[in-house]
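**Q** These protein sequences, in sequence, are chains A and B. For the first sequence, this note's numbering gives the first residue as 880, with consecutive numbering after it. For the second sequence, this note's numbering gives the first residue as 2, with consecutive numbering after it. For each residue, glycine too, the CB sits at the ideal point set by N, CA and C. Note that this is a predicted model, so its numbers are computed, not measured. Just dropping this structure here.
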Amino acid sequence: MEEQEEKKEQKKKIKVKMREQPPLERIKNFNEVPHGYSPEEAVEEATRCLSCKRPTCVDYCPVEVDIPGFLKLVKEGKFLEAAYKVKETNALPAVCGRVCPQEVQCESGCIVGKKGEPVAIGNLERFVADYEAEKGEVMIPEKPKPTGRKIAVIGSGPGGLTCAADLAMSGHQVTLFEALHKAGGVLIYGIPEFRLPKQIVAREVDYIKKLGVELVVNAVIGKLFTIDELFNEYGYDACFICIGAGLPMFMGIPGENLNGVYSANEFLTRSNLMKSYLFPNYDTPIKKGKRVAVVGGGNVAMDSARIAMRLGAEKVYLIYRRSEVEMPARKAEVHHAHEEGIEFLLLTNPTRYIDDGKGNVCAVECVKMELGEPDESGRRKPVVIKGSEFQMEIDIAIPALGTKANPLLTKTTTDLKLNKRGYIIAEEATGMTSKRGVFAGGDIVTGAATVILAMGAGRKAARATNEYLKWKYWDVSNLAKAI
Amino acid sequence: MFKILKKEELSEVITLFEIDAKHIAKKAKPGNFFILKIHEEGERIPLTIADFDRDKGTITSVFQKVGKTTYHLGTLNEGDYLSDVIGPLGNPSHIENFGKVVCVGGGVGIAPVYPITKALKEAGNKIISIIGARSKDLLFWEDKMRKVSDELIVTTDDGSYGRKGVVTIPLEEILKGDQMKATKKHVPSFEDREAVQDPSVNLVIAIGPPIMMKFVCKTTEKFNVKTIVSLNSIMVDGTGMCGACRVEVGGETKFACVDGPEFDGHKVDFDLLMKRLQMYLVEEKVAMDMYSGKM
């Protein structure tokens, strides 16, 4: 009896694993890697939740999902109700369940996690969202009374979608502008199919349209319309800018413009948005390398490496100048990359790309690094080991080094204050900028961050927009201090 | 969806479309380009805005059939729709009264050079235009260009029309003439006076195949005449996000889509541009072969 109790106790410490495609199989396709929980598995996992009286998991969620509330409903087998519960505060649960860095958010605050593995909140969020969609019982909340206010949301990534949904539910007439031909922002062009199926993004976008949001694709704001035109000619009362970061960074080393060197943004955009992995059935080509070197340690680097593998590479290297501990990527992605046979070259940095004489990259020269004193990011600074140069044959290189602010919109909105690096200065709690009626959030304010942080910014801006429309009060004196 | 309102075959391989895109027409300026995608599976290709009509709400595009997408585009007719049209993109041309300007358009590049020439003419510049093509049947818009130029020179590589040879030959003659005038120290005779009062060329605009732009720049460099070129690199999003269009200008990497498409031609690394334009030769052939099979 006691032994059984102990076993049960032991079991409680370990979460229910999500079944997934085996590595050797999945590197040959673009299908989603994890299969998702079955209803039984979901109930079993949700039962691990202690229903804490003062739940700390919620504190770590940027959009404050009622986690114990929805887990309780899962425990009871009320999966649809659980999905509605999540959707009260999160318009994109199927996305968040898949791409949020739960290990540093909700799951890091889970009490169960203090003594064992935390409750798999992300997996369960995904389960309830998928369950709702599969049952075809997606609930559309009742339309509120129209307020007669017009709001422009610029950028249809996670932040824009969240803000647009919230504002539509407040009864405003919302137009969501997207520069590309398809809505979803980074969810469409950035995150690959095997991590976030595009059908799910389309489903979420569709949901937001059903809430009454008007979607306008192919609209590059700053070029097609300026913000002032939206206010003065088209009668918008407020706008939220959530356009992402944009311009890819390069290292400035020789050979970066050789054929075969892709910015990660380009590699991902070709593959994900343009579906070039289906070339020639889709028209956009992509170079399929035999030996591919990806440079960087973030999620974008992991995604690029795993795409290169699926495109048929024999060897994919991941070159990172620090050690694995410092990698900013989600732990699950690093784990998946290892499993799929990507070779990590840690404490290594490229110094130049070598020309095959015809303008194509044929090798990369690297140096070895060692970790020195901590730098301003708190991580130990990598230092070059002299004389450690070596070369590797490659035919594709993908620097995934982050992005910098895209000036396309800000250039044409001169009364919008920017910081030295070109990002929009906005109040953290509200998204208020130096320009009356203009809110901003996401990567164009913070620099490259996560899906959920952009969603959090969208939620805050929606709340602040409602306040602004009520009182027409615009005080950004705090902002002046921040500058 | 964007409707094709008018189609005109300018030559066997060059087609003109007038596209219903009122918001783009309203904001378009000479030098801008746009991106189009034919259908769901299509690629995004950048094309220059060759003209626009704000009243009608249309933009005009002239394209040459070279690969799968442009051949497919050529099969579309008036009344057909394009799934996506995005623009206006890129920085507009800098238009002011420079004095005397030579506008050079080569091949399908005659189309983008036209709105710039027109705007420069309207700004009060004296315009000499040089348009060239491989042969007479590839030449178009001679009349349109003549209307916005004080002088128009036509060249064909094979001599089937206008002057035989490439555009750089008349260009060099014009610049040499300027140089000779400038070195004349004596008081001009009555006959020369008119010629001397004619100002020297202050600016050259050249749009066409990279090889043409390269040699125009080599020619004007000798005479130290500022030359603006418009670069047609491979693009995906056209808004600065991907960097596919990177070019080297004055030793620095620039994005043709947001930093250009116009650059100081004397600083452009044309050899790199030409190599980068060939990046997908193999894939382009695969796509074209498959498409030809379907046809």
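(1) So B:Lys101 and B:Lys69 are in contact, right, with Cβ under 8 Å, and what is the actual spacing, rounded?
(2) Could you tell me whether any Cβ in chain A is nearer than 8 Å to the Cβ of B:Val86?
(3) A:Ala1341 to A:Ala1043, Cα distance in whole Å?
(4) So A:Cys979 is in the alpha helix (DSSP H); what residue range does that whole segment cover?
(5) When you compare the region 32-39 of chain B with the region 75-89 of chain B, are there three or more beta-carbon pairs, one atom per stretch, that lie closer than 8 Å?
(6) Taking B:Tyr281 as the query, report the chain A residues whose CB atoms sit under 7 Å from its CB, ordered along the chain.
(7) Using a beta-carbon distance cut-off of less than 8 Å, what residues from the region 29-55 of chain B approach chain A?
(8) What in chain A is Cβ-close to B:Gly241, meaning under 7 Å?
(9) Listed from N- to C-terminal order along the chain, which residues in the region 1102-1121 of chain A have their beta-carbon within a distance smaller than 8 Å of any beta-carbon of chain B?
(10) If you count every other CB in all the chains shown that lies within 10 Å of the CB of A:Tyr1196, and 16 or more means buried, which is it?
(11) Please decide whether B:Leu74 counts as near chain A, where near means a Cβ-Cβ distance under 8 Å.
(12) Leaving out five residues before and five after B:Thr169 in sequence, what residues of the same chain have Cβ atoms less than 7 Å from its Cβ?
(13) Taking 8 Å as the cut-off, decide whether the C-beta atoms of A:Cys979 and A:Tyr939 are in contact.
(14) Would you mind reading off the limits of the alpha helix (DSSP H) that contains A:Val1213?
(15) Anyone know if the C-beta pair for A:Thr1148 and A:Tyr1232 falls short of 8 Å?
(16) Could you check the C-alpha separation between A:Glu837 and A:Cys989 for me, to the nearest Å?
(17) Please go through the region 1285-1341 of chain A and give each complete beta strand (DSSP E) segment of 3 or more residues, from N-terminal end onward.
(18) With a 10 Å radius around its C-beta and 16 neighbouring C-beta atoms as the bar for buried, classify A:Gln1270 as buried or exposed.
(19) Do A:Lys896 and A:Gly995 have their C-beta atoms closer together than 8 Å?
(20) Once the 5 residues before and after B:Pro116 are set aside, which same chain residues still bring their CB inside 6 Å of it?
(21) Which chain B residues are close to A:Tyr963, counting only those with a beta carbon under 9 Å from its beta carbon?
(22) How is the alpha helix (DSSP H) around A:Ile1186 delimited, first residue to last?
(23) Against A:Met1153, what residues of chain B qualify as contacts under a CB-to-CB distance less than 8 Å, listed in chain order?
(24) Excluding the 5 residues flanking A:Pro902 on each side, which residues of the same chain have their C-beta closer than 6 Å to its C-beta?
(25) Since A:Met1248 sits in a beta bridge, which residues does DSSP pair it with?
(26) Going along the chain, which residues of its own chain have a beta-carbon closer than 7 Å to the beta-carbon of A:Ala1184, five neighbours each way excluded?
(27) Going by DSSP, name the residue or residues bridged to B:Leu153.
(28) Indicate whether A:Ile1122 and A:Ile1033 have their beta-carbon atoms separated by less than 8 Å.
(29) So A:Val1240 and A:Asn1151 are in contact, right, with Cβ under 8 Å, and what is the actual spacing, rounded?
(30) On the criterion of 16 or more Cβ atoms from any shown chain inside 10 Å, does B:Met181 qualify as buried, or is it exposed?
(31) Can you find the residues in the same chain that come closer than 6 Å, C-beta to C-beta, to A:Cys931, ignoring five residues on each side of it along the sequence?
(32) For A:Gly1001, which residues of its own chain have a beta-carbon under 8 Å away from its beta-carbon, when the five flanking residues on both sides are left out?
(33) Pick helix, strand or coil for A:Cys1042, following the three-state DSSP scheme.
(34) Less than 8 Å between CB atoms is the rule here; does B:Met291 satisfy it with respect to chain A?
(35) By Cβ distance below 6 Å, which residues in the same chain neighbour A:Asn1345 in space, the five residues on each side in sequence not counted?
(36) Any C-beta of chain B within less than 7 Å: which residues of the region 1301-1322 of chain A qualify?
**A** From the atom records:
(1) On the second sequence, position 100 is the one that residue 101 of chain B refers to. On the second sequence, position 68 is the one that residue 69 of chain B refers to. Contact doesn't hold; Cβ gap of about 42 Å is too wide.
(2) In the second sequence, residue 86 of chain B corresponds to position 85, counting from 1. Taking Cβ atoms only, chain A reaches closer than 8 Å to B:Val86, which makes this a yes.
(3) Locating residue 1341 of chain A in the first sequence gives position 462, where the first residue counts as 1. Locating residue 1043 of chain A in the first sequence gives position 164, where the first residue counts as 1. Their Cα atoms are separated by approximately 8 Å.
(4) Within the first sequence, numbered from 1, the residue matching residue 979 of chain A stands at position 100. Here A:Cys979 belongs to no alpha helix (DSSP H), and DSSP marks it neither H nor E.
(5) yes
(6) On the second sequence, position 280 is the one that residue 281 of chain B refers to. The contacting residues are Pro1164.
(7) Lys38, Glu42, Gly43, Glu44 and Arg45
(8) In the second sequence, the residue the question calls residue 241 of chain B occupies position 240. The contacting residues are Gly1125, Leu1126, Asn1285 and Leu1287.
(9) Lys1102, Leu1103 and Phe1104
(10) Along the first sequence, read from residue 1 onward, the residue named residue 1196 of chain A stands at position 317. Classification of A:Tyr1196: buried, given that the 10 Å Cβ count is 16 or more.
(11) What you label residue 74 of chain B is simply residue 73 of the second sequence in a count that begins at 1. Cβ-Cβ to chain A under 8 Å: no for B:Leu74.
(12) If you number the second sequence from 1, residue 169 of chain B lands on position 168. Answer for B:Thr169: Phe216, Val217 and Thr220, listed in chain order.
(13) Locating residue 979 of chain A in the first sequence gives position 100, counting from the first residue. Locating residue 939 of chain A in the first sequence gives position 60, counting from the first residue. No, the pair does not count as a contact, with Cβ atoms beyond the cut-off.
(14) Along the first sequence, one-based indexing puts residue 1213 of chain A at 334. From DSSP, the alpha helix (DSSP H) with A:Val1213 extends over Lys1210 to Glu1218.
(15) Mapped onto the first sequence, residue 1148 of chain A falls at position 269. Mapped onto the first sequence, residue 1232 of chain A falls at position 353. Their beta carbons are not under 8 Å apart, which means A:Thr1148 does not touch A:Tyr1232 by this criterion.
(16) Summary: the structure shown does not reach residue 837 of chain A, with chain A confined to residues 880 through 1362, and so no result is reported for it.
(17) 1317-1319
(18) On the first sequence, position 391 is the one that residue 1270 of chain A refers to. Exposed.
(19) Position 17 of the first sequence, counted from the first residue, corresponds to residue 896 of chain A. Position 116 of the first sequence, counted from the first residue, corresponds to residue 995 of chain A. No.
(20) By one-based count along the second sequence, residue 116 of chain B stands at place 115. Excluding sequence neighbours, B:Pro116 sits near Pro31 and Asp52.
(21) Taking the first residue of the first sequence as position 1, residue 963 of chain A is located at position 84. What A:Tyr963 touches in chain B: nothing, since even the nearest Cβ is about 33 Å away.
(22) Working through the first sequence from its first residue, we reach residue 1186 of chain A at position 307. Note, A:Ile1186: alpha helix (DSSP H), Asn1178 to Arg1189.
(23) Position 274 of the first sequence, counted from the first residue, corresponds to residue 1153 of chain A. Near A:Met1153 (Cβ distances below 8 Å), the residues of chain B are Glu44, Arg45 and Val237.
(24) The residue given as residue 902 of chain A occupies position 23 in the first sequence. Same-chain partners within the cutoff: Glu1218 and Glu1219.
(25) Position 369 of the first sequence holds residue 1248 of chain A. Answer is A:Val1263, bridged to A:Met1248.
(26) Here residue 1184 of chain A corresponds to residue number 305 of the first sequence, with the count starting at 1. Excluding sequence neighbours, A:Ala1184 sits near Val1173, Val1195, Leu1197, Ala1216 and Ile1221.
(27) Along the second sequence, read from residue 1 onward, the residue named residue 153 of chain B stands at position 152. B:Ser130, per the DSSP bridge assignment.
(28) What you label residue 1122 of chain A is simply residue 243 of the first sequence in a count that begins at 1. What you label residue 1033 of chain A is simply residue 154 of the first sequence in a count that begins at 1. Going by C-beta atoms, A:Ile1122 is nearer than 8 Å to A:Ile1033.
(29) Counted from its first residue, the first sequence places residue 1240 of chain A at position 361. Counted from its first residue, the first sequence places residue 1151 of chain A at position 272. At roughly 22 Å, the Cβ-Cβ gap does not stay under 8 Å, so A:Val1240 and A:Asn1151 are not in contact.
(30) By one-based count along the second sequence, residue 181 of chain B stands at place 180. The residue in question, B:Met181, is exposed, as its Cβ has fewer than 16 Cβ neighbours within 10 Å.
(31) Against the first sequence, residue 931 of chain A aligns to sequence position 52. The answer, listed in chain order, is Ile990.
(32) Taking the first residue of the first sequence as 1, we reach residue 1001 of chain A at position 122. For A:Gly1001, where only same-chain residues beyond five positions count, the Cβ hits under 8 Å are Cys975, Gly976, Arg977, Cys979, Gln981, Cys985 and Glu986.
(33) In the first sequence, counting from the first residue as 1, residue 1042 of chain A sits at position 163. Three-state DSSP puts A:Cys1042 in a helix.
(34) If you number the second sequence from 1, residue 291 of chain B lands on position 290. Yes, B:Met291 counts as interfacial toward chain A.
(35) Locating residue 1345 of chain A in the first sequence gives position 466, where the first residue counts as 1. Closer than 6 Å at the Cβ level, and outside the excluded window around A:Asn1345, lie Ser1049.
(36) none
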